[in-house]
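Chains as they are written, first to last, in my numbering: chain W, 184 to 380; chain X, 184 to 380.
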DNA sequence: TTAATTTGAGCGAACGATCGTTCACCGCAT
DNA sequence: ATGCGGTGAACGATCGTTCGCTCAAATTAA
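As structure tokens, this is what we get:
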């Protein structure tokens, strides 16, 4: 193919590389403890050049936030493709827990949340993807209930949110303790999700 | 009593006042966006004087973290004093949700967590109090189960953690949306907690 | 095709602001 | 007289961002 990359291609690659490097820095040092110079140095790029690709520091974390949110889309797809709703839910719990339990993912999430509190721009696509995931999840919840109709059941929307809460909470505790969730904890989690249905 | 306060008394009052002012600043602007000068100015205290009372900026957020953790002790007491375990749990859910739903409390919590990731000193008393609360909660969980013995039940310790996860998750969502949890949400939450038992 | 021109990636010094912290000094309570 | 709460100027470092510049690729004109 093309041995030489077009200008647009190298620019895109550079841009991507800068974002990834920024993510690494934010994970290791935190958003506010990371200077543009740190990112530039680590990415092997000049200080000023970063401003040729990004409006500023905020756009960097915002872009990372959307990248994180995009990972939810994959989980959502798997959630939809599995026919048996209960099996789909079980697999989702395992997969989403595995994602949230990654120290790098957790660290980034915390930085993003802390920043999003005061900067609505960052929340951007993040909430949209999550909202979409919640809706899908709620659909599977209601599907898994067919047959056992209890009129005291938790509204499926709330049930979906609670499921995410449980997964994220367990993951956060594990990450803070510097370990992966144990099999026992995963079993408890699956049990809890089942009992919420 | 004493019209004039002793030197030690005024010093303690000053210290307290500085911590509270710092908390306000951290809530409004975030930890890293707040300068020592901001705190000094707002507290009506000289810049250098803050260093007569605190080692530095980190000690301020650490002290705030312990203050936040102390609020958990009150909830724990209520949890123990109510005889009926199920009623105690219901009341706890309501009270802890109310606490976590306060925007100021939530904002501080996020700042503390984000900072605690890279500074173990801050976690200090925070995790101890939480651990104690979890233990108490687990005790009430097991008490509320007496009579209905299902051998598939979630371990009480996990059940206690899950309960906190649900409360905190719901509260965080409400705060992020700029509202209080609705009565419907509270009802769903209580229902969910019951189903976890 | 070649020549002229525009475009934008890439660079690093420089800017002004602000950061956390220290310091020498002051004055009152002990 | 001693010590400590209180002060604010000053320090060195670092911050995010801007600026003028170079140069090669892309585009247009010839």
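By construction, the Cβ of each residue, glycine as well, lies at the ideal position given by its N, Cα and C atoms.
Query	Result
Contact criterion: CB-CB distance below 8 Å. Does residue 185(W) meet it with respect to chain X?	Reliability fails at residue 185(W), whose pLDDT of 39 lies under 50, so the model's placement of it is uncertain and no value is given.
Does the beta carbon of residue 379(X) come closer than 8 Å to any beta carbon on chain W?	yes
Taking the alpha carbon of residue 275(X) as the reference point, which residue from 320(X), 234(X), 245(X) and 296(X) has its own alpha carbon closest?	320(X)
Need the endpoints of the alpha helix (DSSP H) that residue 286(X) sits in, please.	286 to 299
In chain W, which residues lie with their C-beta within 8 Å of the C-beta of residue 374(X)?	335 and 337
Can you name the start and end residues of the alpha helix (DSSP H) that residue 236(X) belongs to?	230 to 236
Report the three-state DSSP secondary structure of residue 214(W) (helix, strand or coil).	coil
For residue 230(W), which residues of its own chain have a beta-carbon under 8 Å away from its beta-carbon, when the five flanking residues on both sides are left out?	219, 220 and 223
Quick check on residue 327(X): does DSSP put it in helix, strand or coil?	helix
Could you tell me which chain W residues have their CB closer than 9 Å to the CB of residue 352(X), listed as they occur along the chain?	344, 345, 347, 348, 349, 351 and 352
Interface residues of chain W around residue 300(X) at Cβ under 7 Å?	290 and 293
Taking just the CA atoms, how far does residue 198(X) sit from residue 428(W)?	Because chain W is modelled from 184 through 380, residue 428(W) falls outside the range shown and cannot be assessed.
Counting C-beta neighbours from all protein chains within 10 Å, is the total for residue 303(X) 16 or more, i.e. buried, or is it exposed?	exposed
Go to residue 360(X), then tell me how far its alpha helix (DSSP H) extends in each direction, as first and last residue.	Where residue 360(X) is concerned, there is no enclosing alpha helix (DSSP H), given that its DSSP letter is neither H nor E.
Distance check for residue 278(X) and residue 255(X), CA to CA, integer angstroms please.	10 Å
Do you know how far the Cα of residue 316(W) is from the Cα of residue 252(W)?	10 Å
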